[in-house]
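Beneath this line is the structure, given in structure tokens, with notes to follow.
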């Protein structure tokens, strides 16, 4: 069958299938020899020049003429599915493990790193679309989606078509596709960029995840701007420790994936960002932050319940900024989007003036309003740092009590679970711990890990059903209070084992508020 992608969840497979059947590009077949040029992969068996008309990493999706890449995976290895790929008509197999093909006439391509080969081959197969686009890559633990949405907003002001790829969706300007992962696999990514090019885009903004970097999904692409936002604890189930996590992010910024971005924007308020900025101090770098050492600086920050005001100091000029986004971390996000705009030569005054029309980001500090006399906010915060930022910001602007509903994902970094509980106990008056995406892990095990962060048992309840937890939090709220529903944001589902069930925090909260209104609760 093939790859980790195809087994990660039903959601991933089904969504990818929709993209394939909903308009996959009719790329012309290309000779294998031309695709392998400069890839360092070696042809070991068969004709040197079969025509390749499709790149595939999931053996179940192989059709005659496909080149199958046997990628290494966490739970499954693509080499186990070569026979199925051959049976389905693959004209070649790219693998790091030599093997015999029996009577098959397929080509064997030996590659020390099939993921790198996939990235290089995909770029050629889809006509090097990155060369036709001003490509902006944004990496960091928190804020990638907000910055990418805002950057797209700014970079579209001059009439230039700008696409956007990330956690919430793939916006190709002429069509929007559901996202199946933050940074797509290399062949899907190159195809999406090629579609943007075909739709007349001249710029593309994309989120670059640590998994996408480590698995070489963005290898060999030409980035005009590389952005580093911050680094806080997340994904340590995959990376092991913070130093390893940072080193992966660093590889993208310094160009270890093939090419260094032409220009860089780095948050020097972040300790890891400062390390990078000190290492890469040259004319290609725009540093941003609230400290005096930042080239692009926010000063005189004033936060209010309906937005934030600050002065943007850059290249000797001060500009007044009024942002609809609230919270100190969103000051950093606005600066990042401004730094991107400056790096590509966009007019900063126009960008600042357009902030009033910026519609915000689905599931990021999204207010749910149904006439209730208290605030309800849904946010994607799913790490200790992100939850701390969200709660701290709300604490500064609300008059009443602050409650939070949150959970922790299964099959992920267990160490951050107690951290999230501890943060909620410090900053919230009342907490409801519940399910997030348990995946294959027992929810009681997740709860046990979360309980290690409990400091005041009287202020936290563990509720198995997420809808019930949200209901309890809403019913406890009084006028002037605020309920934060954290962890899932825009996601319209929950994952239990191999099953994906519909669940949208925003819709659930709205439905419960409507029932409360009909019941005379407000």
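Numbering (our numbering), first residue to last: 712 to 1233.
Ideal placement from N, C-alpha and C gives every residue a C-beta, glycine not left out.
In this text, all values refer to a predicted model and were calculated from it rather than measured experimentally.
task = With DSSP collapsed to three states, give me the class of residue 1101.
result = Numbered from 1 along the chain shown, position 390 holds the residue referred to as residue 1101. DSSP places residue 1101 in helix when its eight states are reduced to three.
request  = Specify, as a first and last residue, the run of the alpha helix (DSSP H) that residue 860 falls within.
outcome  = Here residue 860 is taken as the residue at index 149 of the chain shown, counted from 1. That run of the alpha helix (DSSP H) goes 855-866.
ask   = For residue 918 versus residue 977, is the C-beta spacing smaller than 8 Å?
value = Your numbering for residue 918 matches position 207 in the chain shown. Your numbering for residue 977 matches position 266 in the chain shown. Contact flag unset, no.
ask   = Can you tell which of 1035, 1186 and 1113 has the C-alpha that lies nearest to the C-alpha of residue 1231?
value = If you number the chain shown from 1, residue 1231 lands on position 520. Nearest option by C-alpha distance: 1186.
query = Taking C-alpha atoms, which residue in 1068, 1089, 984 and 975 lies nearest to residue 668?
reply = Since the displayed the chain opens at 712 and closes at 1233, residue 668 lies outside it and no answer follows.
message = I need the DSSP call for residue 713, collapsed to helix, strand or coil.
response = For this step, residue 713 is matched to residue 2 along the chain shown. Residue placement at residue 713 is flagged as unreliable, the pLDDT there being 43, under the threshold of 50; the coordinate-derived value follows with that caveat. Correct three-state label for residue 713: coil.
inquiry  = Based on DSSP bridge pairs, tell me the residues matched to residue 1172.
reply    = Translated into positions along the chain shown, residue 1172 becomes position 461. Beta bridge pairing from DSSP links residue 1172 with 1143.
message = Quick check: the Cα distance between residue 1245 and residue 1161, rounded to an integer number of angstroms?
response = Because the chain spans 712 through 1233 in this model, residue 1245 falls outside it and cannot be assessed.
Whole-angstrom distance between residue 1182 and residue 1225, CA atom to CA atom = Along the chain shown, read from residue 1 onward, the residue named residue 1225 stands at position 514. Along the chain shown, read from residue 1 onward, the residue named residue 1182 stands at position 471. Each residue's Cα considered, the two are about 11 Å apart.
query = So is residue 1029 buried or exposed if we call it buried at 16+ other beta carbons inside 10 Å?
reply = As a working note, residue 1029 is residue 318 in the chain shown. Exposed, since its Cβ has fewer than 16 Cβ neighbours within 10 Å.
key: CB contact flag (residue 930, residue 966, <8 Å)   = As a working note, residue 930 is residue 219 in the chain shown. As a working note, residue 966 is residue 255 in the chain shown. Not a contact, by the Cβ cut-off of 8 Å.
Burial state of residue 982, where buried means 16 or more other Cβ atoms lie within 10 Å = Counted from its first residue, the chain shown places residue 982 at position 271. Exposed, by the Cβ-count rule.
ask   = Can you name, in chain order, every residue of its own chain whose Cβ lies under 6 Å from the Cβ of residue 1109, other than the five neighbours on each side?
value = For the purposes of this step, residue 1109 is taken as the residue at position 398 of the chain shown. The residues are 1193.
Alpha carbon of residue 1157 to alpha carbon of residue 1069, nearest angstrom = Taking the chain shown and counting its residues from 1, one reaches residue 1157 at position 446. Taking the chain shown and counting its residues from 1, one reaches residue 1069 at position 358. Approximately 38 Å between the Cα atoms of the pair.
ask   = Cβ atoms of residue 863 and residue 873: under 8 Å apart, would you say?
value = Within the chain shown, residue 873 is the residue found at index 162, counting from 1. Within the chain shown, residue 863 is the residue found at index 152, counting from 1. Cβ distance < 8 Å, so residue 873 and residue 863 count as in contact.
ask   = Just how far apart, CA to CA, sit residue 1131 and residue 949?
value = As a first step, residue 1131 is located in the chain shown; it is residue number 420 there, counting from the start. As a first step, residue 949 is located in the chain shown; it is residue number 238 there, counting from the start. When only Cα atoms are considered, residue 1131 and residue 949 end up about 19 Å apart.
key: Touch test, the segment 1050-1063 against the segment 1115-1131, Cβ-Cβ under 8 Å, three pairs minimum   = No, the segment 1050-1063 is not in contact with the segment 1115-1131.
task = Would you list the one or two residues that DSSP bridges to residue 882?
result = Start at 1 with the first residue of the chain shown, and residue 882 comes out as number 171. Note: residue 882 sits in a beta bridge opposite 875 and 887.
ask   = Is the distance from the Cβ of residue 907 to the Cβ of residue 844 below 8 Å?
value = Taking the first residue of the chain shown as 1, we reach residue 907 at position 196. Taking the first residue of the chain shown as 1, we reach residue 844 at position 133. A contact, by the Cβ cut-off of 8 Å.
Residue 1210 (DSSP reduced to helix, strand or coil) = Here the question's residue 1210 lines up with position 499 in the chain shown. In the structure shown, residue 1210 sits in a strand (DSSP, three-state: E or B).
inquiry  = Let me confirm a value: residue 755 is counted as buried when at least 16 other C-beta atoms fall within 10 Å, else exposed. Which label applies?
reply    = In the chain shown, the residue the question calls residue 755 occupies position 44. By the neighbour-count rule (16 or more Cβ atoms within 10 Å), residue 755 is not buried but exposed.
message = What ranges does the alpha helix (DSSP H) occupy inside the segment 781-868, keeping only unbroken runs of at least 4 residues that lie completely in it?
response = With a minimum length of 4 residues, the unbroken runs of alpha helix (DSSP H) contained wholly in the segment 781-868 fall at 793-798, 825-836 and 855-866.
Residue 1063 versus 1074, 1035, 1085 and 747, residue with shortest Cα-Cα distance = The count along the chain shown starts at 1 and reaches residue 1063 at position 352. It is 1035.
message = Using 8 Å as the threshold, is the C-beta distance between residue 934 and residue 991 below it?
response = One-based indexing of the chain shown puts residue 934 at position 223. One-based indexing of the chain shown puts residue 991 at position 280. Here residue 934 is not near residue 991, since their CB atoms are 8 Å or more apart.
inquiry  = Suppose the cutoff is 6 Å on Cβ atoms and the five residues either side in sequence are ignored; what does the same chain contact list for residue 1216 look like?
reply    = Counted from its first residue, the chain shown places residue 1216 at position 505. Counting only Cβ-Cβ distances below 6 Å, and skipping sequence neighbours, we find 1089, 1196 and 1199.
ask   = Nearest to residue 1179 by CA position, among 1164, 1147 and 1101, is which residue?
value = If you number the chain shown from 1, residue 1179 lands on position 468. For residue 1179, the nearest C-alpha among the options comes from 1147.
ask   = Between which two residues does the beta strand (DSSP E) carrying residue 1001 extend?
value = If you number the chain shown from 1, residue 1001 lands on position 290. Looking at the DSSP string, residue 1001 is not in any beta strand (DSSP E), and its letter there is neither H nor E.
task = Give the DSSP bridge partners of residue 928, in chain order.
result = As a first step, residue 928 must be located in the chain shown, where it is residue number 217. Looking at the DSSP output, residue 928 shares a beta bridge with no other residue.
inquiry  = Rounding to the nearest angstrom, what Cα-Cα distance links residue 994 and residue 1007 in this structure?
reply    = The residue given as residue 994 occupies position 283 in the chain shown. The residue given as residue 1007 occupies position 296 in the chain shown. CA-CA distance, residue 994 to residue 1007, rounds to 14 Å.
ask   = Apart from the five residues on each side of it in sequence, which residues of its chain come closer than 7 Å, Cβ to Cβ, to residue 1049?
value = Against the chain shown, residue 1049 aligns to sequence position 338. Result list for residue 1049: 1007, 1023, 1059 and 1062, in chain order.
Given residue 818 as reference, the closest of 1210, 883, 779 and 1115 once Cα atoms are compared = Your numbering for residue 818 matches position 107 in the chain shown. The residue with the shortest Cα to Cα distance from residue 818 is 779.
ask   = Roughly how many angstroms lie between the CA atoms of residue 746 and residue 775, to the nearest whole one?
value = As a first step, residue 746 must be located in the chain shown, where it is residue number 35. As a first step, residue 775 must be located in the chain shown, where it is residue number 64. Going from the Cα of residue 746 to the Cα of residue 775 covers about 18 Å.
message = Can you check which of these residues, 923, 751, 1122 and 932, is closest to residue 839 by C-alpha distance?
response = In the chain shown, residue 839 corresponds to position 128, counting from 1. Ranking the options by Cα distance to residue 839, first place goes to 932.
inquiry  = Buried or exposed for residue 734, going by 16 or more other Cβ atoms inside 10 Å?
reply    = Looking up residue 734 in the chain shown gives position 23. Confidence at residue 734 is low in this model, with a pLDDT of 42, below 50, so its placement is unreliable and the value that follows should be read with caution. Of the other Cβ atoms in all chains shown, fewer than 16 fall within 10 Å of the Cβ of residue 734; this residue is therefore exposed.
message = Along the chain, where does the alpha helix (DSSP H) containing residue 760 start, and where does it finish?
response = Position 49 of the chain shown, counting from 1, holds the residue named residue 760. Residue 760: not part of any alpha helix (DSSP H); DSSP gives it neither H nor E.
message = My output table needs one value for residue 1187: the three-state DSSP class, helix, strand or coil.
response = For the purposes of this step, residue 1187 is identified with residue 476 of the chain shown, where counting begins at 1. Correct three-state label for residue 1187: helix.
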